[in-house]
Structure formats: structure tokens, C-alpha cells
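Oh and the sequence shown: position 104 is 104 in UniProt numbering, straight run, nothing missing.
Here a beta-carbon is modelled for each residue, glycine too, at the ideal position from N, C-alpha and C.
Bear in mind that the values here come from a model prediction, so they are computed numbers and not experimental data.
Here is the structure we will look at, set down as C-alpha cells.
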Amino acid sequence: MNRWQIHPEVARAETLDKAFYLDPALQPLQHERLFARSWQWLGDLADVAEPGSLAPRQLLPGSLDEPLLLARDAAGTLRALSNVCTHRGNLLVQEPCRAAKQIRCGYHSRRFELDGRMVFMPAFEEALDFPRPCDDLPRLDLQTWGGHGYVALEAPLAGFDAFFGPLQERLHWLPLQDFQSDPAASRDYEFDAHWALYVENYLEGLHIPFVHPGLTQTLDLANYRYELQDWGNLQLATARAGETAFELPASSPEHGQRIAAYYYWVFPNLMLNFYPWGLSLNLVQPVGPARTRVSFRSYVWKPELRGQGAGGALDEVELEDEAVVMTVQRGLRSRFYKHGRYSPTREQGVHQFHRLIARAMGGG
């Protein structure tokens, strides 16, 4: 029996067993069953736009902590490879580079083509049955969308389209590939709470009028809407009169509505927040049993709209969210708390999140 089972009816269900958040022994299982089997963001691909480009990536430092390498060969094909030499485990590439012809290990000079094939190794002339396929660099299934890359380390819970297809279809009119990275507005936050508590807080608008007084002034909460997909969900926020909203094309399902933000969540730890000015991408990363890092990355579409509307005070909203989830983390330790219940109208996303966790943790 799956100990994490959540009742399928939100009106009857109880929340996750609090051991999920408190037991350090469960952290490795969460990393392997939730993060390694989902499509994880590798970053934008601007640094590997040219043939011969190499760019190391460390996937989820502090949890999966997997060294990967983006490599674009002379023909222009981009691949995601292991960044670990197949000889003795040395890290291969530690800084981005361009115009590379091969990948060379600095330890014993084993060499690889940019597609990962091993082509040279000194002092192995007498080695038997060498080279073998396992001497090549492991290659991951790299998926790209809108100038960003995604990989799953293990067999994914579902295909890339199942995770991202609804989002791509809904926002087909947004020129995401033209959004410009804004490093000055990008930052990391760390705080003492379990990563899933932060995700849960994101997935419901119930707390907004009680925790976010500034945001409340910009949103028409009476028309705040939720849509569930198989491996994610959308919170659709409408702007109050006079507040900044999207200028939506006729091809958008929301054409004629005053949309302040599209808040997309992709299981288990990615948030894609689309505002009239552009995209705030938030990656939630466990770095300890009760320690979380959230990486904010900004991609600007219309710089003249920065600082306005629902996406105008992100630092303030973030600090308010951190404060409340840290309080919840402390409260979960109480001997008097076991489970909670869900608001059937405002916490469908939290219920869905817990159901997906139960499915993955149970080996589904």
C-alpha cells in the first residue's frame, strides 16, 4: 500500500503525512522519485548558440547534484551529455568555452567528440575489449522550448509534451525565444523550510489577501481561476481596473479579458510566471532536509512595463512567502498536528500536487 495515498476527491481528502516534510531519511527518495524522473530546467541556451560551444551545468546542486554538459557540434546539433570522464570520474569541462573541437579530460587526456564518442586514450594499447560503448559519455534526452533546455536523469514519469504541452499550446502567441535575460534582476533566495511547502504556497491563491497586501491591490481575486493539467496547472490572475494587463491577440483563449499574470507550475518544482513585461522563472531546489533555494531568473519582453502590476514587486512578495512557509515548517513539528484538509475551491492545485507526489513516491 502507498503510504502517501491521497483521496481523489478534494472535498474529502486530507493532506500529506507530515513525515514527508520532517523525516530526513525521506529526502533521498524524494530526490530520486520526484526530481530525477521529471523534466528539469537546465537554463537558457544562449551560451551554446554557436557551433563548438561547451557549457557545464550542475543539475539541482544540493540534491541531485548531477554534472552535465551542453555541447553543440560543428553541424549545429545540441546535446546534453554527462560531464564526468568515463575513465576515472574526473569533471571534464568546468568553464564555458567556444570553438571547441573536442572534449579533453585534464586528468589523463581521454578525448571525446562533441557528440560524446570517446576517440582517444593514451596507454590503453594493451587493454582488452576496449573501447566499449560505456566508454562514451552518456547522452541524455534533451528537450528545448523557447530557448530553454530540459532533461530527465532517469526514465521520466511522462513525456515532455505531457508536462509542457498545455503551456505551449496556451501561450503559443508569446515570442518566448525573443525574451532577453536580465541578470541584474535574477537572484537566489535560501530559507529554512521544506521545498514542498514553498510549492504548496504557490499553488493556491487562498493566502493572497492575508499574506500579500500589495499584490491584493493589483488583482481581481473574485475572478482568480485555476486550471489543472496532467503534470501541472495554471493560475489565471485578472487585473483590477487601471492595473497593467496583457494585450492579448485574437488567437488567445483569454482575448478580451484583462489578464494580469499566467502562473504556470510544472511538476514538481518549476514555476513559469508570465507577466505583461516578460517571464519570471522560479526553480525550487531542496538543499537540505528543511532548507530550500529558489532561483529567480528574469527574461524581459517589454521593459517599459517593468515595475507595474502583478509582476511589479516580486522581491516583496517573495519575502512574504518565505516568512509564512518558515512558520509552517516550525508548526509541522507540533505533536498536535497530523493532517489538514483542502479548500475545494481554492486548493485544488495543492491537492493535485499531493496526488502526484503520492503517485511518484509509490513508484508509479
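- Between the beta-carbon of phenylalanine 179 and that of tryptophan 301 there is about 5 Å, and that keeps the pair under the 8 Å contact cut.
- Taking the Cα positions, glutamate 347 is about 12 Å away from valine 199.
- Arginine 293 is positioned such that its CB atom lies closer than 7 Å to that of aspartate 188.
- Alanine 290 and glutamine 329 have their C-alpha atoms some 8 Å from each other.
- Contact annotation, proline 67 with leucine 91: C-beta distance approximately 6 Å; criterion of less than 8 Å satisfied.
- Beta-bridge annotation (DSSP): leucine 228 is paired with Asn233.
- For the pair leucine 60 and glutamine 285, the CB atoms are nearer than the 7 Å cut-off.
- Taking 7 Å as the cut-off, the Cβ atoms of proline 268 and leucine 34 count as close.
- Annotation for asparagine 201: the continuous alpha helix (DSSP H) segment containing it runs 195-202.
- Contact check for threonine 238 and tyrosine 226: beta-carbon distance about 13 Å, past the 8 Å limit, so the pair fails to qualify.
- Inclusion of leucine 137 and phenylalanine 112 in the CB contact set at 7 Å is warranted, their separation being smaller than that value.
- Fewer than three Cβ pairs drawn from the segment 158-173 and the segment 87-101 lie within less than 8 Å of each other, which leaves the two stretches out of contact.
- Contact between glycine 362 and tryptophan 4 is confirmed by a C-beta separation of about 6 Å, below the 8 Å threshold.
- Counting C-beta atoms within 10 angstroms of its own C-beta, asparagine 2 has fewer than 16 neighbours from the protein chains shown and is therefore classed as exposed.
- In the DSSP annotation of this structure, the continuous segment of the beta strand (DSSP E) that includes glutamine 285 starts and ends at 278-288.
- The shortest CA-to-CA distance from alanine 100 to any of Asp73, Leu78, Thr77, His108 is the one to Asp73.
- Looking at the backbone, the Cα of proline 183 and that of threonine 144 are separated by about 21 Å.
- Residue pairing by DSSP places threonine 238 opposite Ile259 in a beta bridge.
- DSSP lists Phe191, Pro286 as the beta-bridge partner residues of threonine 292.
- Distance between leucine 171 and alanine 313, taken at the CA atoms: about 23 Å.
- In this structure, Leu228 is the residue among Phe246, Pro209, Leu228 with its C-alpha nearest to the C-alpha of phenylalanine 353.
- According to the DSSP secondary-structure assignment, methionine 271 is paired through a beta bridge with Trp265, Asn282.
- The residues Leu176, Gln177, in chain order, have a CB closer than 7 Å to that of glycine 146 in the same chain once the five nearest residues on each side in sequence are set aside.
- In this structure, DSSP gives histidine 354 a helical state, which the three-state scheme calls helix.
- Around the Cβ of serine 298, a 10 Å sphere holds 16 or more other Cβ atoms; the residue is buried.
- In terms of Cβ geometry, valine 211 and glutamate 316 do not form a close pair [threshold 7 Å].
- Counting only residues of its own chain and dropping the five nearest sequence neighbours on each side, arginine 359 has no CB closer than 7 Å to any other CB.
- Excluding the 5 residues flanking it on each side, serine 280 has same chain C-beta neighbours closer than 7 Å at Asn273, Phe296, Ser298, Gly311, Leu314, in chain order.
- In the three-state DSSP reduction, cysteine 134 falls in the helix class (H, G or I).
- For valine 48, the CB contacts under 7 Å within the same chain, skipping 5 residues up- and downstream, are Ala55, Leu70, Arg72, Leu78 in chain order.
- In this structure, alanine 80 and leucine 140 form a Cβ contact; the two beta carbons are roughly 4 Å apart against a cut-off of 8 Å.
- Here proline 56 carries a strand assignment [DSSP, helix/strand/coil].
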